[in-house]
Amino acid sequence: MVACTVSFLIWTVSLQWTLAQDYSSQWAAHIQGGFEIAKRTTEKHGFIILGEIFPDYYHLEHKHVSKRSVNPGLEHHKKLISEENVKWAQQQKILNRSKRDYITYARNSRSSKRFVNKGGLNDPKWPKMWYLNRGRDMDMNVQGAWEEGITGKGSVVTILDDGLEKDHPDLIKNYDPSASYDMNNRDEDPMPRYDQMDTNRHGTRCAGEVAASANNSLCSVGIAFGASIGGVRMLDGDVTDAVEARSLSLNPQHIHIYSASWGPDDDGKTVDGPGELATRAFLEGISKGRGGKGSIFIWASGNGGREHDNCNCDGYTNAIWTLSISSATQNGHVPWYSEACSSTLATTYSSGSNYESQIITTDLHHECTSNHTGTSASAPLAAGIVALTLEANNKLTWRDMQHIVVLTARPTHLLATDWVINGVGRKVSHSFGFGLMDATEMVRLARRWKTVPAQHICNVTAQVFEKLVPARSSVTIQLLVKECNSVNFLEHVQAKISLSASRRGDIKIDLTSPSGTKSTLLAPRTQDNSHTGFNVWPFMTVHMWGERPFGIWQLTIHNEGKLLAANITDWEMVFYGTILPPEQSHSFPTLVSIKQNQTSGKSSKSGINSGECRVTTTKCLECSYGFNIYNGECTANCPIRTYKERDGICSDCHYTCYQCNGPNDYQCTSCWGDADLTQTLGQTFCYSKNIKRLLDDKTWHTLTVVLLIINIFLLLIFCNGGFWTKNNISLNKGNYRLANQTENDCC
């Protein structure tokens, strides 16, 4: 009994420590009256001011509170908010934030088979910078921009990371102290902390990709070797909402581009994003930064591919304010670490498998490395290209930049199985976004660019009424959009979803636009065992960019769990876009006719062709009477592994079915060779023959159930018997004492 109690207590304490969030010794507070009044107010209660986050919002620390504790400092908090001029205060929680590279070991990098050196660069690693010099549409087309005199001059980029080796000989020329700060040590020197493992090399590596000097006979060449580069040291210590907000809002009238190669843990089970202060920093940045044109935030999409993570569960890459960048390997493949999600806008090159080259850049101790990796390496390359584009036209807004990326990105040579053509004829992929960034085309388009019309926002709420999604099935909910608050041409689309599930990782969510573009908002995550579900989580997609919002939107929730139903309680669509299209000189193709709610993701530019198909270039938009459309082609009968969803449209069966009459796994009509068709409660499943043999073995099944019942029965008898025996002994002893006491009293 004692052992059981001790075990239970240990388990309880362990669970509390696991679930507890660490509180830091820092606060954020809104204190009116200016800095001097804020200083006097806070010092009275033992706080010191670390810095100002926004006007009248301060980052504080208490001298006598533990730097990390599972218990909040309630006493100090109450004293602080008791002051009349303190309008709001919040003790800061310590956040888990991970750099988006992975550990590699030094190796001999092979030179690319071919490189073009039109600029005559003398930097020793230049011949091996395959991602900049391969030519033939096999690089990011940077040299064309250089030839036109564009080097990033006048653009200011800062790297939000673990520090910057500002005296590195390949960085010192372009180092900008006004774009730098040390949030960890609270001074203006962003130099990293050195240790034996060089754990703080990440920021210096990212900086070299952007702005390493050219033609200095040292190391590598930055994409924007004429740009100014700074660094914010903020990851080498406890990261809080206030630390992130101060970093994201550092000197926004001087810094143009913020590059971040980190985020919540890429472990396949985390759902996390910016807090209240960081969210405000993003909003202040896009509305007030760069003189009102908007700060440009570039984010690495994530390295959780091996853990089956999904970057739409990362609130930084999933935000409309960030330009989310994915990676492609040297050979154009999806890297093993890459996360596929609908919020990814575009791609740059990075590392891949062992036989593929990696990224060359500056390293700690004034060194050079050929082993920079992950989406960590992709985001700074994108920042460098954006810096070139801003030199070509410094009047571009943050939304202009996203439009230019979408219009110029190249899907050529990028190998993914999920490329589709959206409703305006653009190829898009969950792995690569709209494709590989093209520096020269971005620069050329920027020169003639006219600012896009003002952004409008349209919110439409669906009447869900707690829709149940049974296990091993899916449910589709429709939402008709007739008018949309001046949003006629889409940019970002959000689906704010609330749902509960016994296991969050079993849920898959698809969104289909009226033009037929199907976007996966959430793929199943094998590591995610959480029971918490989602609470108004804003899943974002860029796949409908340029489409119109009008018509029927379809949200499909797949529950791949084996036992319990999921429950969707709320669904709201948020459409971001414009009332008018961008200027026709750089606009999307003009649409003639696109059928609403057709096949997933196969709409494109419309035209008329004689015969059974209305076509764009190669894909059907609509079929003649009597034909069905599937995968952009017209057919008299729906192919094997599809079913006729409604007149003229074929849709895919569940992957376990060979033939079916519906999309769910219980609507199979025939099976693959290694499975048998099994009927259960009026539903037909395809079970593997090995599994079916076990299910059909009634003797084994019955025996197992009987033995289980017997064990439970014996356990109950044992527990109850022990309980009553113990109570009877105590009762007898009590009666014996009472009898003796009575005898003594009487005699």
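Under mature numbering (1 follows the signal peptide of the UniProt record, and there is no 0), the letters of the sequence shown match residues -20 to -1, 1 to 727, in that order. For each residue, glycine too, the CB sits at the ideal point set by N, CA and C.
{"Item": "Whole-angstrom distance between Trp7 and Arg20, CA atom to CA atom", "Value": "16 Å"}
{"Item": "As assigned by DSSP and simplified to three states, the class of Met171", "Value": "coil"}
{"Item": "Among Asp142, His410, His523 and Thr558, nearest to Leu344 - alpha-carbon criterion", "Value": "Asp142"}
{"Item": "Burial state of residue 733, where buried means 16 or more other Cβ atoms lie within 10 Å", "Value": "In the structure as shown, the chain begins at -20 and stops at 727. Residue 733 is therefore absent and cannot be evaluated."}
{"Item": "Separation of Pro494 from Gln576, as counted between CA atoms", "Value": "Annotation note: pLDDT 33 at Gln576 (below 50); position unreliable, coordinate value reported separately. So the two alpha carbons sit approximately 5 Å from each other."}
{"Item": "Secondary structure of Ile559, DSSP reduced to three states", "Value": "coil"}
{"Item": "For Ser567, the three-state DSSP class (helix, strand or coil)", "Value": "Interpretation of Ser567 is limited by its pLDDT of 45, a score under 50 that renders its predicted location unreliable; the figure taken from the coordinates is listed afterwards. Three-state result, Ser567: coil."}
{"Item": "Exposure of Lys498, with buried meaning 16 or more beta-carbon neighbours within 10 Å", "Value": "buried"}
{"Item": "C-alpha distance - His182 paired with Phe519, whole-angstrom precision", "Value": "29 Å"}
{"Item": "Buried versus exposed, by CB contacts within 10 Å (16 or more), Thr570", "Value": "Because Thr570 carries a pLDDT of 36, less than 50, the predicted location of this residue cannot be relied on, and no value is offered for it."}
{"Item": "Span of the beta strand (DSSP E) around Ile266", "Value": "Premise fails: Ile266 lies in the alpha helix (DSSP H), Glu256 to Lys268, not in any beta strand (DSSP E)."}
{"Item": "Touching by the beta-carbon criterion (3+ pairs, under 8 Å), the region 412 to 432 and the region 384 to 395", "Value": "yes"}
{"Item": "For Phe34, three-class secondary structure by DSSP", "Value": "strand"}
{"Item": "Separation of Ser227 from Ala240, as counted between CA atoms", "Value": "10 Å"}
{"Item": "Secondary structure of Ala280, DSSP reduced to three states", "Value": "strand"}
{"Item": "Cut-off 7 Å between Cβ atoms - residues of its own chain near residue 728, not counting five sequence neighbours on either side", "Value": "Because the chain here runs from -20 to 727, residue 728 falls outside it and cannot be looked at."}
{"Item": "Given Ser306 as reference, the closest of Ala320, Gln474 and Leu448 once Cα atoms are compared", "Value": "Ala320"}
{"Item": "Per-residue DSSP class, three states only, for Ser480", "Value": "strand"}
{"Item": "Gly13, buried or exposed, once every other Cβ within 10 Å from all chains shown has been counted against 16", "Value": "exposed"}
{"Item": "Environment of Phe445 [buried if 16+ CB atoms lie within 10 Å]", "Value": "exposed"}
{"Item": "Three-pair Cβ contact test at 8 Å for the region 455 to 473 versus the region 527 to 535", "Value": "yes"}
{"Item": "Runs of alpha helix (DSSP H) lying entirely within the region 200 to 229, each at least 4 residues, in chain order", "Value": "221 to 228"}
{"Item": "Nearest neighbour of Pro104, chosen from Thr220, Thr521, Ile340 and Glu371 [CA to CA]", "Value": "Ile340"}
{"Item": "CB contact flag (Arg213, Thr349, <9 Å)", "Value": "no"}
{"Item": "Inter-residue Cα distance where the pair is Lys488 and Leu368", "Value": "39 Å"}
{"Item": "Assigned exposure category for Ile235 - 16 Cβ within 10 Å defines buried", "Value": "buried"}
{"Item": "DSSP bridge partner residues for Thr302 (one or two, in chain order)", "Value": "Phe277"}
{"Item": "Opposing strand residues paired with Asp343 [DSSP bridges]", "Value": "Glu347"}
{"Item": "Cα-Cα separation, Ala503 to Thr397", "Value": "15 Å"}
{"Item": "C-alpha gap between Val455 and Val449, whole angstroms", "Value": "6 Å"}
{"Item": "Glu189, enclosing alpha helix (DSSP H) - first and last residue", "Value": "His182 to Ala191"}
{"Item": "Straight-line Cα distance separating Leu543 from Ile365", "Value": "49 Å"}
{"Item": "Bridge partners - Phe518, DSSP secondary structure assignment", "Value": "Checking the sequence, you will find Pro at residue 518 rather than Phe. Bridge partners of Pro518: Lys476."}
{"Item": "Neighbourhood of Lys624 by C-beta, 7 Å cutoff - its chain only, sequence neighbours within 5 removed", "Value": "Asn608, Cys618 and Cys630"}
{"Item": "Inter-stretch contact at 8 Å, needing at least 3 Cβ pairs: the region 547 to 558 / the region 472 to 487", "Value": "yes"}
{"Item": "Candidates Ser411, Met177, Lys153 and Leu144: closest to Met163 by CA position", "Value": "Leu144"}
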